[in-house]
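Participant:
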Amino acid sequence: MPSKEYYRKLKKEAHDLYVREGMTCKEISTRINVSERSVSSWINENDALWKKSVRHLLFRHKNRVTT
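To convert a position in the sequence shown, counted from 1, into our numbering, add 10.
1) Could you tell me the distance, in whole angstroms, from the CA atom of asparagine 43 to the CA atom of aspartate 57?
2) Starting from arginine 30, trace the alpha helix (DSSP H) in both directions and tell me its first and last residue.
3) Using the C-alpha atoms, what's the distance from isoleucine 53 back to histidine 25?
4) Of the residues Lys62, Leu59, Val64, Cys35, which one's Cα is nearest the Cα of serine 50?
5) Apart from the five residues on each side of it in sequence, which residues of its chain come closer than 6 angstroms, Cβ to Cβ, to methionine 33?
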């Protein structure tokens with residue numbers, strides 16, 4: 011059975027792919043070889059923190075472009 015550290019690294023990689031690269035749940039699950047259900051769960055846990063991170067980055071980028 012993989013260690014907690016292994017899953018922590020997978021989750022970190024999934025986070026970066028979702029937030030920074032804009033990949034979908036399905037694309038991420040294929041890339042890191044975990045279920046779509048796991049990736050979806052990670053995206054939506056902690057009050058959908060990953061989704062908020064994406065919106066924050068988009069907002070910052072939009073403000074840079076318009077100023």
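Where is the CB? At the ideal position from N, CA and C, for every residue including glycine. Computed from a predicted structure; not experimentally measured.
Facilitator: Checking against the coordinates, here is how it stands:
1) 25 angstroms
2) It is not in any alpha helix (DSSP H) - arginine 30 carries neither H nor E in the DSSP assignment.
3) 8 angstroms
4) Closest option to serine 50, judged by alpha-carbon separation, among Lys62, Leu59, Val64, Cys35: Cys35.
5) Leu27
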